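Below is one structure, written out as C-alpha cells, with a few remarks after it.
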Amino acid sequence: MHIKTITIQGFKSYKNHTVTDEFSPHHNVVVGRNGSGKSNFFAAIRFVLSDAYTKLSREERQSLLHEGSGTAVMSAFVEICFDNSDRRLPISSDEVVIRRTIGLKKDEYSIDHKSATKNEVMDLLESGGFSRANPYYIVPQGRITSLTNAKDEQRLNLLKEVAGTQVYDQKRQESLKVLEETEGQRKRINDSLTLIRERLAELETEKEELRDYHEKDREKRSLEYIILDRELKDITATIERLEEARFRSNDQNVQSLEEFTAYDERIAELEEFIFNLKNQNQLLLSEKDQLTSDLSDKIKTKAQRELEYSQITESGEQYKKQSSSLQSEIKSLRKTISGKTAQLNQISPQLESLLQQENDLRQQVQRLESNQTFLHSKQGRNHRFTSKKERDNWLNNEIQGIGQSITTSHEIQSTLQADLDELEQKLNETHEIIQQSRDTVMRSTESTQQSVKLIDDTVAQCEKLKDERKVLWRDIRAQEAEVEKLQKACNTAQSNAFSTLSHAQKEGLNAVNRIVKKLNLTGVYGPLAELISVTPQFEVAAEVTAGNSLFHIVVDNEDTATTIMQELYRENSGRATFMPLNRLHPKRINYPEHEHVLPLISNITYAEEIDSAVRQVFGKTVVTMNLDLGLQISQGNDLNAITMSGDRVSNKGTITGGFYDTRKSRLAAFIEYQRIREELEKQVQHLNDLKDQNETKSQEINKINNDINSYRASHQKLMSSLSPLDSLLHSKVVEEGQIKELISEKKKTLQSTASSIEALTNNQASLTTELNSPFNQVLSSEEIQTLKNLSSILPPQQKKLQEISFERTQVEQSKTELEIEITQNLQSRLDRLVSKLSSLLNKGDDSAAAASASISESKRILEQLKKEIKATKTELTKLAEKTDENIKEITANEGELQQLKDSRIKLARSIENLNKQAEKHISKRSVLVQRRDEVVSKIRELGVLPPDAFTRYESVDADTLLKKFHRVSNDLKRYGHVNKKAVEQYNEFTKNEEGLEHRKAELEQSRKSIERLIKTLDMRKDEAIDRTFRQVSKCFSEIFEKLVPAGKGELVMHRKRDATKGRGRGRGRGRHSDDAANEEEEEEEEDEEDEDGDVDMDNTAVTDGSRIFSIESYVGIGISVSFNSKEDDQQRIEQLSGGQKSLCALTLIFAIQMSDPAPFYLFDEIDANLDTQYRTAVAAMIREQARSAQFICTTFRTEMIHVADQFYGVSFQNKMSSIASITQDDALTFVEGQQRP
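Once you know that position 1026 of the sequence shown is 1026 in full-length UniProt numbering, the rest is easy, because the numbers rise by one and skip nothing.
Below is the structure:
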C-alpha cells in the first residue's frame, strides 16, 4: 500500500485545485525554495492522517485556509488516494480515497466519497499499519532538532508513547476511577444499612396502631363508596336528561333552521327577483333612453332625408328633362348624321365617276389641243425658218426646254405625292386617336357608373354595420349591468366566506392569486376549501374539524411556498399559510370497525394529488352518533371524534361543541363564493368578447369609410379625366377635317401636274417627230386634214369637258359641304352632347344625374326610416308598459319581502334563545361530566373495598350515611399520628436491606477484580516498555553501525537504585548484563562523571529474564555512541557536535520506525544538519528501505536526489503554491543552484 495521488484545494498556500502526479511506491523527493509551500504540502498530509489538527479553535481553522488576495476561501479539503492493491486496508477495492474538509465551523471526513467519522478514518488507517502510538512515520521540520535537544526523561516518554503505554495508563485510570466509585458505593451502602435497621425497629411498634386504623378506614371507605356511588348515579341520570333535552332542543333548532333556511331562500329568491326586476327596469329605462335618442335621431334623419328626397326629386326631374332633351337631340343628330352619311355615300361614287370622266375627257381634250397647237405652231414655224437646219435647231431647243419642264414637273409630282402620303398617314393617326378617345370616353362613362354603384353599395354596407354596432352597444350595456350585479354578489359572497378571517389573511389569499398569475407559477393548487367536495350532511363536521385549515393554500413543495412568501413579504400583502405536499406525511390510520362510526375523510371527494393535505387535516377524525360513543372511540384509538351537529371530542378527551349555526357555514359560503366568482369570470369574458366584437365592428366601419372616401376620390379622378378627353376629341376632329381638305387640294394639284407632264410629253414627242420629218414651209395634206378634223372635234369635246367639269364641281361641292357638315358640325355636336350626357350621368350625389340614380334608394331609405320610427314607437310603448308592470311587481314583492324579513327576525330570536339554552345544557353537562369524572376518580382512589361494602349500607338513607361517615372520619382523626404505611414500609425496608446486602457483596467482589486488573495492567505496561526498549535499542545499534561503519552506538536505560544500594547513578544498557562486577565498575565510573548525584540509581538492566523492574524505577533513556572506533569509550549525546547529534536523533527515528514499520514515511528536510558522508549514508539507507515502503522526502541536498525514483517541484506564484512532477536533472539543477553562495 502506498500514496498514489494527493489533491489539495484552499489549504494554506494551496488555493487552487492542485492534483499531484502519481507518486512512486518507493522513493520520492520534493524540492522547492524556502517559503514555497513544501512544509504546507507535508502539513496537508498530516492534516488527513494524523491527530495533529484536532479540537481547533476558529482562529486555528482560519489559519488553515488560504488567506491570499482575491475571493475569500471559506473551506478547504485535502484528499489522499491510496493504492490498495495488496488489500492492506480492509476495503475490497484497488484504490481507497480519504478526504478531510475543513471550514470555519465544519470538519468532515469521507472514505471513497462517502461520509465517515474521524474515528472510522483513524481505525481504518491503524488497520493498515498507521499506529497512533508511533507518529514517527511523519517527520516534519524541527522533529530532528527536538530529538537532538531532548533530555533522557523526554526520550523515555517517547519510548512509552511508542510502546503504547497510553492505552495501559488510560485503562488503569479508568480502573482506579471505578475502584474509587466502588468504595464510595460500599460506604453509602453501609450507611444505608445502618439507617434501615434503625427504621425497622421503629416500624415494629407502629404496626399495632395501624391495624386499628385500617378497620376504621375500611368502614369510612365503604361509606364513602356508597355516597359517591349514589351521587354518580344521580349525575348520570341528570346527564341523560340533559342529553335528551339537548336532542329535543337540537331537533327544534333543526326545524327552526329549516324554517329559517326556507325564509332565507325565499327572501334571497325575492331579493334576487326584485334586484333582477330593478336591473331589468334599469335596463329598460336605459333602453328607453336609447330608443328615445334613436327615435329623435331617426326623426331628424327622416326630415333630412325628406328634404334631400325633395331636392333629389326636383333634380331628378330636371335631370330627366336634360337627359331626355340631350338624348333626343343626340338621337336626332345621329339620324341626321346617318342621312347625311347616306347622301355622302351616294355622292361619293357619282363624284368618283365624274372625276374619272373628267380626267379621261380632259386628257383627250388636252391631246387634241396639243395636236392642234402643234399643227398650228408647225404651220407658223415653217414660215419663220428658211431651212431645215434652222428649224431643227429650234426644235432641239424646244425639245430640250420641254424635257426640263417635264423633269421639273416630275419633281413637283414626287413632292406632292410625298406630302400626300404624309397627310394620309397623319389622317390615319388622327382618326385612330379620335377613335381611341371615343372608346376611352365610353369606358370612363361605364367606370363612373360602376363607381357610383360601388359607392352606393359600400354606403349601404356601412349603414348596415352601424346598425349592427348599435345592437352590440345595447348588448354591452345589458352585459355590463349583469357583470355589475354579479360583482356585487361576488363581493357579498366573499365577505361572507372570509368573515371570520383577519384582514391580513384576506389580503394574503387575494395576493396569492395575483402573484400566481403574475409569476405564472405552477404547482399552486389553491385554498383547501376549493379543492374538496363534502357530502352535504357532513359539511358541519368537516368545517368544525378543519377550522382555519380550510383556507390554507396547498402547494407542491416548499420552494413554491417560499417564492410566494417572498413576494408577499416584498409587497407587504397580508399573510397566508401554505401546505407543501412534499413535506406532509400523515400516517395511515386503521379506523375502528363500528356500524355507527365513519371516517370523515370517506365523505370527502378530492383529487389524488392532494391526498396528503386532506389526510393531514381530516385523517384523524371520525364521525359518531353521539358524544358518548365519540368519547369511547377517541380514548381507545387516539382519534378525534365529531358528531353530525359539530360536537367534538379530542383524542385527549376534551369536549367542545354546542349549537352550530349552519347559516354561518364558511364552507358553504366559500363554495357559493367560488360558484359566483366562476360565473362572474364567464360573464366578464362574455363582456370582453362583446367589446372585442364592437371594436371589430368599429374597425370595419372605419375601413369601409376609408374605402368610400377612396372610391369617391377615384370617381372624382375619373370625372376630372373626362374634360381633357372632350377637348382632345374636339381638337382632333377639327384637325381631321383640315387634313382632309389638304389631301383634296394635294390630289387636285397632283392630277394637274400629271396632266401637264402628259401634255409636255406628247408635245415633246410631236416635236421629235417633226424633227425627224423633212422641212416643209406648209403643212402636208394629211396634217391639214388632221387640223380640220381637230377643229371640228375639239369644240364639242371642250364643251363637254366644261359641262362635266361643272357637274363635277357641283357634286364635289355638295360632297365637301356634306363632309364639313358631318365632321365639323354634326359629329362635333354629337360628341359634345354625348360628353354632356356622360357628365350629367356621372356627377354623383351632388349632380342631378346622381340624384336621379339615387331617387329609388332615397325612397327606400325613407320607407325604412318610417318603418323603424313606427317600430321604435311601438317598442317604446311596450317598454313603458313593461316598466309599469315591473314597478307594480316590485312593489308587491317588496311588501311580501318585508313580511318575510319580519317573520325571519322573530324566528332568529327564537333560534337564538334555543342556542342559549343549548349552550347552557352543554355548559351544565360539562360541569356534570367533570364532576362525574371526579367522583369516578374518587371511587378508584378508594382502592380495594371490603366484600360487604356493596350491600352493607344499601337500605340506609342518605342522612344516616352522612352522619356515620362524619363520625368515622372524626374517629380517624385520632389516628393522625399513625404511620399509615407502616406495614408497606416495613416490608419495603426489609426488602431493601436484603438488596443492599447483596449489592455490598457484589461490590466487594468487583473491588477485588479491579485490583487484580490494575496489577495485570502494570505488569503488561512494564513488559511493553521492556519489549519496545529492546527492539528500539537493537535497531538503533544496527542502524548506527550502517550509518557509521567505524563507530558504535547504543541506548542506555536509567533507573533508580535498589533500597540496598547507596546513593549514586547506575546505567542500564540495551542488552542483558551477566557480570555484576563489570556493572559495579561502570557505575563507579559514571559516579565520577556525574556532578548531580541527587537521584538514586540501580545498575541492573531493565529486565533480565528472572525479574522485571517496575516502570516507576525508570527515569530516562540515554544515547551512548562512538564515531571513531568500536573499542573506544562511548560518548553521551551531550558531548557530540551538532551534525553528530542530528545523526543520532535520525538513527533513533529510524530505529523506532524499524521496530514499528508503516506503509510509507514522510521526511521534511531530515538531512539539513548532516555532513556529506552521513547524508550519503542516510540516502543509501532510505534507498534500501524504500524497497518495502514508500518514502516522500524534501531536501536541499543532492545525495538524496541521486537515489530517488520520482521528483516533484513546489513553486510559489501570486501567493499560491503548486506542485508538479519534474525530472532528476531539474531537481539536481535546482538544489545545486540553492547551494551556491
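We put the beta carbon where it would ideally sit given N, CA and C, even for glycine.
Here the structure is a predicted model, which means the values were calculated and not measured.
- With a 10 Å radius around the Cβ and a threshold of 16 neighbouring Cβ atoms, Pro-1159 comes out buried.
- For a cut-off of 8 Å, the C-beta gap from Leu-760 to Ile-406 is around 5 Å, short enough to register as a contact.
- Look at Asn-28 here: in three-state DSSP terms it is strand.
- Between the alpha carbons of Leu-89 and Glu-994 lies a distance of about 54 Å.
- DSSP places Gly-403 in the helix class (H, G or I) of the three-state scheme.
- Rounded to whole angstroms, the gap between the alpha carbons of Gln-1153 and Ile-3 is 18 Å.
- According to the DSSP secondary-structure assignment, Cys-81 is paired through a beta bridge with Thr-5, Val-97.
- Here Phe-965 really is in contact with Lys-220; their C-beta atoms are around 7 Å apart, less than 8 Å.
- About 6 Å separates the beta carbons of Val-96 and Asp-112, which is inside the 8 Å limit, making them a contact pair.
- One thing to note: Arg-1132 has its Cβ no nearer than 8 Å to the Cβ of Ser-1142.
- By the neighbour-count criterion, in which a residue is buried when 16 or more other Cβ atoms sit within 10 angstroms of its Cβ, Thr-117 is exposed.
- Rounded to whole angstroms, Leu-631 and Arg-583 show a C-alpha spacing of 31 Å.
- The continuous stretches of beta strand (DSSP E) do not include Lys-815, which lies in the alpha helix (DSSP H) extending over residues 781–819.
- A check of alpha carbon separations from Thr-7 across Gln-1173, Val-48, Leu-865 identifies Val-48 as the nearest.
- For Met-1216, the uninterrupted beta strand (DSSP E) run begins and ends at 1216–1222, by DSSP.
- Within 10 angstroms of the beta-carbon of Lys-620 lie 16 or more other beta-carbons, which makes it buried.
- Excluding sequence positions up to five before and after Leu-284, its CB lies within less than 8 Å of the CB of Leu-879, Lys-882, Thr-883, Asn-886, all in the same chain and listed in chain order.
- The DSSP assignment places 982–1043 as complete runs of the alpha helix (DSSP H) inside the segment 973–1060, in order along the chain (cut-off: 4 residues).
- With contact defined as three or more Cβ pairs closer than 8 Å, the segment 763–774 and the segment 448–455 are not in contact.
- Three or more pairs of CB atoms, one per stretch, sit closer than 8 Å, so the segment 168–184 contacts the segment 999–1010.
- In this structure, Val-1032 sits away from Leu-176, with a CB-CB distance that is not shorter than 8 Å.
- Below 8 Å, enough C-beta pairs join the segment 664–673 and the segment 493–509 to call them touching: three or more.
- Ser-75 carries a strand assignment under DSSP once its states are collapsed to helix, strand and coil.
- Within the same chain, Cβ atoms closer than 8 Å to the Cβ of Glu-468 are found at Lys-697, the five residues on either side in sequence being excluded.
- For Phe-82, the number of other beta carbons within 10 angstroms of its own is at least 16, and it is reported as buried.
- Leu-65 is bridged by DSSP to Phe-11.
- In this structure the segment 453–466 does not lie against the segment 640–654, because fewer than three pairs of beta carbons, one per stretch, are closer than 8 Å.
- Burial state of Arg-1055 is buried, judged by a 10 Å Cβ sphere holding 16 or more other Cβ atoms.
- By the beta-carbon neighbour count (other beta carbons within 10 angstroms, threshold 16), Ala-546 is buried.
- Residue pairing for Ile-887: DSSP places it in no beta bridge.
- If you look at Val-524, you'll find it in the beta strand (DSSP E) that goes 524–527.
- In this structure, the beta-carbon distance from Val-1203 to Val-30 does not fall below 8 Å.
- Runs of the beta strand (DSSP E) spanning 3 or more residues and lying entirely within the segment 605–675 occur at 621–624, 640–643, in chain order.
- Remark: C-beta atoms of Val-78 and Asp-1164 do not approach each other more closely than 8 Å.
- For the 8 Å CB-CB criterion, Leu-794 and Glu-432 do not form a contact.
- Here the segment 683–701 does not lie against the segment 526–543, with fewer than 3 beta-carbon pairs under 8 Å apart.
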